[in-house]
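Written out below as structure tokens is the structure these notes cover.
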Amino acid sequence: MNYESLHISPENIAREKQVFEDISKCISNKKSWVFDAGAGAGKTYALIQTLKLIIDLTGRDLKKHNQKILCITYTNVAADEIKERLGATTLIDVSTIHDCVWNIIASHQKQLIEIHREKLLHEVDGIKRSLETEKWAEKYRILSGEEQSLLLEIMDSKKLIYYKHKRDNATDFRAEFTDINERFPKLLSNVKNFNKVIDCLFRIKNYDETIAKMDDSDRMFTKVKYDARFNDDRLEKMRISHDTLLEYTQKLVSMNDMLKQIICDQYPFVLVDEYQDTNPLVIQMLSSVDKYAKKIAHTFLVGYYGDVKQNIYDKGVGSNFRSIHKGLERVEKVFNRRCSPEIISIANKIRNDGLVQESIYEEFPDSSVSLYNMEVDRQNFITAYTKKWNINNKNKLHCFELTNERVAEQSGFPEIYNFFKNSKWYKIGKRYDFLRDHVLSLDKNKLGVVQKLLFRILDFRYKLGHDATMLVDVFREKYLKDVNILTLRKLLEKIQNISGETFEEYVTNIFNAYRKGDDKYDKCIDYVVAEEIKSYQELKQFVLNKLFYFSENEEDPDEDNQESEEEVDNLFKISMNTFELWHDFITDTCIGEVIYHTYHSTKGREFDNVIIFMNSRFGRRKEYFSNLLKVLPDKNEKQEVGTDLESARNLLYVAVTRATKNLCIVYLDDLGEDIQPVQTVFGEIKSKL
DNA sequence: GAGGGGATTCTTTTT
DNA sequence: GAATCCCCTC
């Protein structure tokens, strides 16, 4: 969309200015505020304007007192964007909440250790309580105290064997622990419950030992560590997760007035971007600093920017916000600078909190909204709409799907996604939650080990095929220094000429020319592939080791290995075109006219042409969207708080408001008889293309 | 037909 | 890691 040609009336310009003046009044009256604005209102713009205004008003004082403005974002991407739009300034710290909070508290190790010790004790208590009450532990409870300690003793001596076979099926697992089965006959009747109990026992032991070491001031146990790369608590190793970091911070701040003062003196202004996504503990913390600052009469202003209805993450504070940080001035912006009036009107009906948006523009280009309820072949439907909306490379079509699996399928590389999904490491290893990051992340660092290797080869090939690519992108910089251009060009040509219809062929051809006397070529291949892989066979072996033989399961090597080998073979027999589509997807360079996203991943973005494919089920919740559609324009917000209805509503709101001009929703399940609510919002329900 | 146990099947996103 | 389906036993 080209918004610059759209006209805004003088009245609306004045009204928009007034909104900003409301914020500026909060600043001069020293009142914290919350800026609520629906989708497409220009929230980030307002945030940046506010930052600039604060600098204009108080920059000099801030500098004099060595103070700063703090701007907290939810993601690194958002932090980077704000930094860029802001330009160079030393008066503003922009960072994610976790970075920021860790910077503040990391030096308070003495108190952190105390909190950590308490947490460990608390966890041990909790685990003991579940062993005493939960049904899955009832077989364990039957044992006498002596038997219980004996069990722990035996299992502790077999710890490595236990972890190795933990994921085996029940029969194999029992075979490995026949001695336990003899000594405690009933205990292994349910292997899963047994595992749960043993895990608990180990954790208690670990935590107890850690507490003891902390009390002994063991050198390895004098500091609490946080590493943004890991998302799991390793409390016994003094390492905490993202959530625990916030938990500790909140505790530390609440019990330490000195720290509250340090925070408010260091950062008299704190702006929170997308506050609805922020963990409630963060809001609690800011609220308590706010209270304390008032008590000691220091300046401390918080400005929250966000939209409760765009909370689509489970852990975000969402609509609970208002009950946590009270006494805020509310600034509301009703303008929408993104969507057509038609789409705005639908979005207004989906919202149920009373915020009604209006377009800021006097006129808007032709737009369309339609809703279909029918079973469709997606491809046919998309083809029809490609014509209808005149889709081409400059006017792309964006399709929203609920799951990543479907996005992978529609984007043309289901075989690749499914290969990983069905590989042992993910499937038997129950690492389902890693799949998305490992296979589909646009951040290459987040890809899995195997995926990274495949990506390197594909990216190398892609860059060779593109004229715009600089030599430095393809070759290690070291080469460029002592090789003359002619040799380099020859080498480039040689590599460019490597062909292959499938991944197997391509890699085979790469290695056919390897170690044939061309030292420079060899080095180049070493760099791209990996030092330890010298043939297609070795590549295959690498994949097998990482994804299939990782536990070195020695039993039935024949049958097992053959099957796994076949799967890897099949992966590499897939056409190179399919791999290219995967490569384009994770580099965000899709050349097609149709681009697929999950609903969630479109947050913050906007597209001219959007088709939303929707069905009733989302995950385990079979009636996720069907329940919402039955009550769609219902304004009874309070009853919905915390329910699936609320989260479905927010997700639909986010999805719908991504569209600027053309929007089409396709509901693929039966709408049932109660179609009135859907009609009220979307008008006619079409059942034919 | 009730309940126990095993295997299989699921979503999204961020730090 | 919970929900659900399926199979088995009593």
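Read the first sequence against our numbering and you will find it ends at 694, with the numbers running on by one and no gaps.
Glycine is no exception: its CB is placed at the ideal position from the N, C-alpha and C atoms.
Fair warning: this is a prediction, and the values are worked out from it, not measured in the lab.
Flag this pair as yes or no: are the beta carbons of residue i and residue j separated by less than 7 Å?
i           : j           : result
residue 598 : residue 399 : no
residue 18  : residue 366 : no
residue 663 : residue 628 : no
residue 667 : residue 582 : no
residue 438 : residue 451 : no
residue 126 : residue 206 : no
residue 288 : residue 322 : yes
residue 47  : residue 342 : yes
residue 549 : residue 569 : yes
residue 337 : residue 98  : no
residue 375 : residue 691 : yes
residue 358 : residue 642 : yes
residue 269 : residue 303 : yes
residue 591 : residue 463 : no
Just mark residue i as buried or exposed, buried being the case when its beta carbon has 16 or more other beta carbons within 10 Å.
i           : result
residue 675 : exposed
residue 471 : exposed
residue 509 : buried
residue 560 : The predicted position of residue 560 is uncertain, since its pLDDT is 44 and thus under 50; no value can be drawn from it.
residue 235 : exposed
residue 123 : exposed
residue 644 : exposed
residue 562 : Residue confidence is low: residue 562 scores 45 on pLDDT, short of 50, so the model does not pin down where it sits. No coordinate-derived value is stated.
residue 517 : exposed
residue 70  : exposed
residue 308 : buried
residue 455 : buried
residue 311 : buried
residue 253 : buried
residue 651 : buried
residue 180 : exposed
residue 671 : buried
residue 557 : Because residue 557 carries a pLDDT of 44, less than 50, the predicted location of this residue cannot be relied on, and the following value inherits that uncertainty. Counting Cβ neighbours within 10 Å, residue 557 comes out exposed, since fewer than 16 surround it.
residue 678 : exposed
residue 362 : buried
residue 351 : buried
residue 694 : exposed
residue 95  : exposed
residue 685 : exposed
By DSSP's criteria, residue i is part of a beta bridge. Which residues make up the other side?
i           : result
residue 311 : 41
residue 406 : 603
residue 100 : 77
residue 306 : 274
residue 239 : 244
residue 708 : One cannot answer for residue 708 here, as it falls past the ends of the chain, which runs 6 to 694.
residue 690 : 376
residue 231 : 245
Just curious, the beta strand (DSSP E) that residue i is in, first and last residue?
i           : result
residue 664 : 664 to 672
residue 375 : 373 to 378
residue 76  : 74 to 78
residue 224 : Residue 224 -> no beta strand (DSSP E), and no H or E assigned at all.
residue 525 : It is not in any beta strand (DSSP E) - residue 525 instead sits in the alpha helix (DSSP H) that spans 524 to 533.
Which residues bound the alpha helix (DSSP H) around residue i?
i           : result
residue 67  : 48 to 69
residue 33  : 15 to 33
residue 137 : 114 to 138
residue 466 : 454 to 469
residue 336 : Looking at the DSSP string, residue 336 is not in any alpha helix (DSSP H); the run it does join, the beta strand (DSSP E), is 334 to 338.
residue 661 : 649 to 661
residue 383 : 383 to 393
residue 190 : Looking at the DSSP string, residue 190 is not in any alpha helix (DSSP H), and its letter there is neither H nor E.
residue 427 : 419 to 427
residue 514 : 508 to 517
residue 434 : It is not in any alpha helix (DSSP H) - residue 434 carries neither H nor E in the DSSP assignment.
residue 505 : Run containing residue 505: none; DSSP gives neither H nor E here.
residue 150 : 150 to 162
residue 678 : That residue, residue 678, is in no alpha helix (DSSP H); it is neither H nor E in DSSP.
residue 180 : 175 to 181
residue 548 : 541 to 552
residue 580 : No alpha helix (DSSP H) holds residue 580; DSSP gives it neither H nor E.
residue 316 : Looking at the DSSP string, residue 316 is not in any alpha helix (DSSP H), and its letter there is neither H nor E.
At what residue ranges does the region 248 to 301 contain a whole run of the alpha helix (DSSP H), taking only runs of 4 or more? 262 to 271 and 285 to 300
May I have a chain-ordered list of the beta strand (DSSP E) segments no shorter than 3 residues that lie completely inside the region 583 to 631? 599 to 603 and 612 to 619
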